[in-house]
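These notes are about the structure you will find just below.
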Amino acid sequence: MTRATRPAAPERAVDDAPTADPDARARRLVAVVVTYNRLDQLKVTVGRLLDAGPGVLDALLVVDNASDDGTADWLAGQGDPRLAVLRHARNLGGAGGFETGMRHAVAHLAPDWLLLMDDDGRPEPGALEAFHAARPERWDAIAAAVYYPDGTICEMNRPSVNPFRTARGVLRAVLGGRDGFHIGPACYDAPPRDVDVASFVGLFVSRRAVERVGYPDGALFVYGEDGLYTLGLSAAGGRIGFVPAIRFEHDCRTFAAEPGRFAPPWKSYYYHRNLLFLYRRAAGPLFWPALALVLPKWLLKVRRQRGARWTYLRLLGLAVAHGLTGHTGTPHEAILSRARGRRISGS
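Note that our numbering has the sequence shown beginning at 241, numbered continuously upward.
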């Protein structure tokens, strides 16, 4: 069962800098935050968002993925009438949370724009005002510049331009690591630009974009739903802008483990399966050459999975099989069982 509470709902050129927008108050902005058992982080994010006045942020929907750390009680005790809560009876993952949250917000909160983020991502002071000042209607979606709390660029949230348009681009993407996909640091001190792919930390999505491409695929559970959604928007003719003046913070300390190591191991299944979905959508006919280059790199990552190497290989094999066949129907509980060494029926 899912329970929800809600408050009452009431061209192409890129400028070098944002300018004041007299129509900002007529633009209804609704934030969607997905949370699971990170109440300390959620408190900071909710506070930062609600610090923006009602003329800047009109509503905030928190999607609670069945947290059991006191999140529900804390949310129930908040008094800001702009705050709405959508609580799920079980954890649907980030992908499921964003899909249901966006659907609920569009159905009940009348947004012109949605603002998406995890519970550990939040706008820096003035970021929402910068969004309104950027005259966002020239884009279908807008990606913020995301930084770690220490002020350095957050690697996992760097937007991308699709490199899979030429064979040379494929080689650069597969062999060049993150720099083969993502925009460089210089773009963070440059004028706004177009991108093809962005993350769900500080992503502003217009109602027009939702009408064009719908909602993220909740069946992905975790990892890649943002890349697939924004790449699909770009492929459908939508325009995504990267606006460095809109600054977000991502306090992603839960990802501070050794690079390339998956903890807990089950995450490796979703990461690799969903990345294959993303590669196939981005690369088109160049997908198979890209796969031949990337699979050996994934196999070599087994060296970093201390204490879980056989588990990693087992889940990688399942991820590749499901990624190549487009399969998303295996329940999360079955993936957890597979990570513990038990076979999945039919896999």
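Where a beta carbon is used, it is the ideal one built from N, C-alpha and C, also for glycine.
Euclidean distance between Cα positions of residue i and residue j
{"i": "Cys-394", "j": "Tyr-388", "result": "5 Å"}
{"i": "Thr-568", "j": "Pro-499", "result": "26 Å"}
{"i": "Asp-360", "j": "Asn-402", "result": "27 Å"}
{"i": "Val-284", "j": "Pro-363", "result": "10 Å"}
{"i": "Leu-460", "j": "Ala-385", "result": "25 Å"}
{"i": "Arg-267", "j": "Val-560", "result": "43 Å"}
{"i": "Leu-289", "j": "Arg-452", "result": "27 Å"}
{"i": "Gly-581", "j": "Asp-436", "result": "38 Å"}
{"i": "Leu-332", "j": "Tyr-276", "result": "10 Å"}
{"i": "Trp-550", "j": "Ala-579", "result": "9 Å"}
{"i": "Arg-205", "j": "Leu-533", "result": "Nothing about residue 205 can be read from this structure; the chain reaches only from 241 to 587."}
{"i": "Tyr-455", "j": "Ala-548", "result": "35 Å"}
{"i": "Leu-526", "j": "Phe-404", "result": "7 Å"}
{"i": "Lys-541", "j": "Ala-350", "result": "45 Å"}
{"i": "Asp-654", "j": "Asp-390", "result": "Past the boundaries of the shown model lies residue 654; the chain is included only from 241 to 587, so the question cannot be answered."}
{"i": "Gly-287", "j": "Gly-442", "result": "16 Å"}
Contact under 8 Å by Cβ, residue i with residue j
{"i": "Val-462", "j": "Tyr-510", "result": "yes"}
{"i": "Val-270", "j": "Val-302", "result": "no"}
{"i": "Gly-458", "j": "Thr-570", "result": "no"}
{"i": "Leu-553", "j": "Val-445", "result": "no"}
{"i": "Val-199", "j": "Gly-334", "result": "With the chain covering 241 to 587 only, the question about residue 199 has no answer from this structure."}
{"i": "Pro-376", "j": "Ala-430", "result": "no"}
{"i": "Trp-538", "j": "Leu-556", "result": "yes"}
{"i": "Arg-448", "j": "Arg-501", "result": "no"}
{"i": "Leu-515", "j": "Gly-464", "result": "yes"}
{"i": "Val-330", "j": "Ala-306", "result": "The residue you asked about is not Val; residue 330 is Arg in the sequence shown. Contact: yes."}
{"i": "Ala-316", "j": "Ile-486", "result": "no"}
{"i": "Arg-521", "j": "His-562", "result": "no"}
{"i": "His-372", "j": "Val-296", "result": "yes"}
{"i": "Met-342", "j": "Cys-492", "result": "no"}
{"i": "Arg-322", "j": "Ala-347", "result": "no"}
Buried/exposed call for residue i, threshold 16 Cβ in 10 Å
{"i": "Met-357", "result": "buried"}
{"i": "Gly-337", "result": "buried"}
{"i": "Glu-489", "result": "buried"}
{"i": "Gly-310", "result": "exposed"}
{"i": "Trp-506", "result": "buried"}
{"i": "Pro-399", "result": "buried"}
{"i": "Asp-304", "result": "buried"}
{"i": "Thr-565", "result": "exposed"}
{"i": "Gly-467", "result": "buried"}
{"i": "Ala-438", "result": "buried"}
{"i": "Gly-424", "result": "exposed"}
| field | Segment contact flag, the region 473-483 with the region 374-383, C-beta cutoff 8 Å, min 3 pairs | value | yes
| request: Identify every run of the beta strand (DSSP E) within the region 296-336, keeping only runs that are complete inside it and at least 3 residues long; order them along the chain. | output: 299-304 and 323-327
| Entirely enclosed alpha helix (DSSP H) segments - the region 536-569, minimum 4 residues | 549-565
| field | Continuous alpha helix (DSSP H) assignments of at least 4 residues falling wholly in the region 268-296 | value | Correct list: 279-290.
| message | Threshold first: 3 residues or longer. Then list the beta strand (DSSP E) segments lying entirely within the region 427-497, N to C. | response | 433-435, 443-446 and 480-490
| Considering only residues of the region 366-405, which uninterrupted alpha helix (DSSP H) runs meet the minimum length of 4 residues and lie entirely inside it, listed in chain order? | List check, alpha helix (DSSP H) in window: 367-373.
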